[in-house]
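Chemist:
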Amino acid sequence: MFPVAQLLAYHAPPHLDHESVDSIREGMQAFAEALYLGPHDGPPPPIGHRIRIRQGSPWLDYGDGARRLQLPAARSWLDVVEAGGPVRVLVLFEPLTAGTRQTGLDAHVRTCFELGAMRWGTTYHV
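Set out below in C-alpha coordinates:
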(Lines of atoms letter the chains of each structure in order from A and count residues from 1; the text may use other names and numbers.)
(Lines give C-alpha, C1' and ligand atoms only; values in the text may rest on other atoms or scores of the structure.)
Protein backbone atom coordinates (compact mmCIF):
# COMPACT_ATOMS: atom_id res chain seq x y z
CA MET A 1 0.00 0.00 0.00
CA PHE A 2 1.05 3.52 -0.62
CA PRO A 3 -0.34 6.80 0.71
CA VAL A 4 -2.96 8.71 -1.26
CA ALA A 5 -3.56 12.42 -0.74
CA GLN A 6 -7.29 13.18 -0.57
CA LEU A 7 -8.88 16.35 -1.96
CA LEU A 8 -12.55 16.86 -1.10
CA ALA A 9 -14.34 19.72 -2.89
CA TYR A 10 -17.72 20.83 -1.58
CA HIS A 11 -19.75 24.04 -1.37
CA ALA A 12 -21.12 25.92 1.60
CA PRO A 13 -24.89 26.43 1.83
CA PRO A 14 -26.38 29.20 -0.32
CA HIS A 15 -25.95 32.59 1.33
CA LEU A 16 -25.87 35.13 -1.50
CA ASP A 17 -28.97 36.43 -3.25
CA HIS A 18 -28.07 34.80 -6.56
CA GLU A 19 -27.24 31.41 -5.02
CA SER A 20 -29.59 28.47 -4.71
CA VAL A 21 -29.16 24.76 -4.08
CA ASP A 22 -29.78 24.20 -7.81
CA SER A 23 -27.23 26.79 -8.96
CA ILE A 24 -24.62 25.39 -6.58
CA ARG A 25 -25.33 21.84 -7.76
CA GLU A 26 -24.95 22.91 -11.40
CA GLY A 27 -21.71 24.76 -10.62
CA MET A 28 -20.20 21.77 -8.84
CA GLN A 29 -21.26 19.47 -11.70
CA ALA A 30 -19.56 21.84 -14.17
CA PHE A 31 -16.46 21.87 -11.95
CA ALA A 32 -16.37 18.04 -11.97
CA GLU A 33 -16.83 17.98 -15.76
CA ALA A 34 -13.97 20.47 -16.24
CA LEU A 35 -11.73 18.09 -14.28
CA TYR A 36 -12.94 15.05 -16.31
CA LEU A 37 -13.98 13.24 -13.14
CA GLY A 38 -15.73 9.91 -13.40
CA PRO A 39 -18.78 8.35 -11.72
CA HIS A 40 -18.47 7.66 -8.01
CA ASP A 41 -19.38 4.00 -8.43
CA GLY A 42 -16.56 3.20 -10.86
CA PRO A 43 -12.80 3.31 -10.53
CA PRO A 44 -11.45 6.87 -10.23
CA PRO A 45 -10.17 7.77 -13.71
CA PRO A 46 -6.78 9.40 -14.23
CA ILE A 47 -7.35 13.09 -14.98
CA GLY A 48 -3.81 14.17 -15.86
CA HIS A 49 -1.39 16.29 -13.89
CA ARG A 50 -3.61 18.86 -12.19
CA ILE A 51 -1.69 19.70 -8.99
CA ARG A 52 1.14 22.20 -8.93
CA ILE A 53 3.10 23.23 -5.87
CA ARG A 54 4.55 26.72 -6.02
CA GLN A 55 6.45 28.27 -3.11
CA GLY A 56 5.08 25.62 -0.77
CA SER A 57 1.42 26.11 -1.73
CA PRO A 58 -0.57 23.55 -3.73
CA TRP A 59 -2.77 24.70 -6.61
CA LEU A 60 -5.39 22.81 -8.59
CA ASP A 61 -5.56 23.37 -12.34
CA TYR A 62 -9.23 22.91 -13.15
CA GLY A 63 -9.02 23.73 -16.84
CA ASP A 64 -9.70 27.47 -16.79
CA GLY A 65 -6.44 28.46 -18.48
CA ALA A 66 -5.21 31.41 -16.42
CA ARG A 67 -6.97 30.47 -13.18
CA ARG A 68 -6.06 27.92 -10.55
CA LEU A 69 -7.52 27.12 -7.16
CA GLN A 70 -5.20 27.43 -4.16
CA LEU A 71 -5.65 24.51 -1.78
CA PRO A 72 -5.27 24.51 1.99
CA ALA A 73 -3.07 21.56 2.88
CA ALA A 74 -1.21 20.08 5.80
CA ARG A 75 2.50 19.39 5.49
CA SER A 76 1.77 15.64 5.50
CA TRP A 77 -0.48 16.08 2.42
CA LEU A 78 2.23 18.04 0.62
CA ASP A 79 4.79 15.35 1.49
CA VAL A 80 2.68 12.67 -0.25
CA VAL A 81 2.14 14.86 -3.33
CA GLU A 82 5.76 16.02 -3.61
CA ALA A 83 6.93 12.40 -3.37
CA GLY A 84 4.85 11.56 -6.46
CA GLY A 85 1.89 10.04 -4.66
CA PRO A 86 -1.56 10.18 -6.20
CA VAL A 87 -4.19 12.76 -5.28
CA ARG A 88 -7.76 11.48 -5.17
CA VAL A 89 -10.13 14.32 -6.08
CA LEU A 90 -13.73 13.98 -4.91
CA VAL A 91 -16.32 16.64 -5.85
CA LEU A 92 -19.68 16.71 -4.07
CA PHE A 93 -22.61 18.24 -5.95
CA GLU A 94 -24.94 18.93 -3.02
CA PRO A 95 -24.12 21.96 -0.84
CA LEU A 96 -23.68 21.51 2.87
CA THR A 97 -26.55 22.43 5.11
CA ALA A 98 -26.13 25.43 7.40
CA GLY A 99 -24.23 24.61 10.58
CA THR A 100 -22.53 21.45 9.27
CA ARG A 101 -19.41 20.65 11.28
CA GLN A 102 -16.62 18.11 10.69
CA THR A 103 -18.68 15.19 12.00
CA GLY A 104 -21.54 16.18 9.71
CA LEU A 105 -19.22 16.32 6.73
CA ASP A 106 -18.74 12.55 6.88
CA ALA A 107 -22.51 12.05 6.81
CA HIS A 108 -22.79 14.52 3.92
CA VAL A 109 -20.22 12.58 1.88
CA ARG A 110 -22.13 9.34 2.55
CA THR A 111 -25.43 10.92 1.50
CA CYS A 112 -23.89 12.28 -1.72
CA PHE A 113 -22.49 8.82 -2.44
CA GLU A 114 -25.88 7.19 -1.93
CA LEU A 115 -27.53 9.79 -4.21
CA GLY A 116 -24.81 9.51 -6.87
CA ALA A 117 -24.22 13.24 -6.35
CA MET A 118 -20.42 13.12 -6.62
CA ARG A 119 -17.62 12.45 -9.09
CA TRP A 120 -13.99 11.48 -8.57
CA GLY A 121 -10.65 10.98 -10.24
CA THR A 122 -6.93 10.68 -9.63
CA THR A 123 -4.29 13.27 -10.42
CA TYR A 124 -0.62 13.91 -9.70
CA HIS A 125 1.74 16.79 -9.11
CA VAL A 126 3.41 18.15 -12.23
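Numbering (the working numbering), first residue to last: 1353 to 1478.
Note that CB positions come from ideal geometry on N, CA and C, so glycine has one too.
Quantities reported herein were computed from a predicted structural model and do not represent experimental measurements.
1) DSSP has Ile1405 in a bridge; who is on the other side?
2) Between Trp1429 and Arg1420, which are expected to be in contact by the criterion C-beta below 8 Å, what is the C-beta distance as a whole number of angstroms?
3) Looking at the structure shown, is Val1439 part of a helix, part of a strand, or coil, going by DSSP?
4) If I follow the unbroken alpha helix (DSSP H) through Arg1427, where does it start and stop?
5) Below 8 Å CB to CB, which residues in the same chain sit around Gly1297 once its five sequence neighbours on both sides are set aside?
6) Among Phe1354, Ala1357, Gln1358, Arg1377, which has the Cα closest to the Cα of Leu1444?
7) Which complete beta strand (DSSP E) runs does the stretch 1360 to 1408 hold, if anything under 3 residues is left out?
Modeler: Put simply:
1) Translated into the one-based positions of the sequence shown, residue 1405 becomes position 53. The beta-bridge partner set that DSSP reports for Ile1405 consists of Pro1410.
2) The residue labelled residue 1429 in the question sits at position 77 within the sequence shown. The residue labelled residue 1420 in the question sits at position 68 within the sequence shown. Contact flag wrong, Cβ pair sits at about 17 Å.
3) For this step, residue 1439 is matched to residue 87 along the sequence shown. Three-state result, Val1439: strand.
4) As a first step, residue 1427 must be located in the sequence shown, where it is residue number 75. 1427 to 1434 is the extent of the alpha helix (DSSP H) around Arg1427.
5) Outside the modelled stretch of the chain, which goes from 1353 to 1478, sits residue 1297, for which no answer is possible.
6) Stepping through the sequence shown from its first residue, residue 1444 is reached at position 92. Checked all of Phe1354, Ala1357, Gln1358, Arg1377; the closest Cα to Leu1444 is Arg1377.
7) Correct list: 1398 to 1406.
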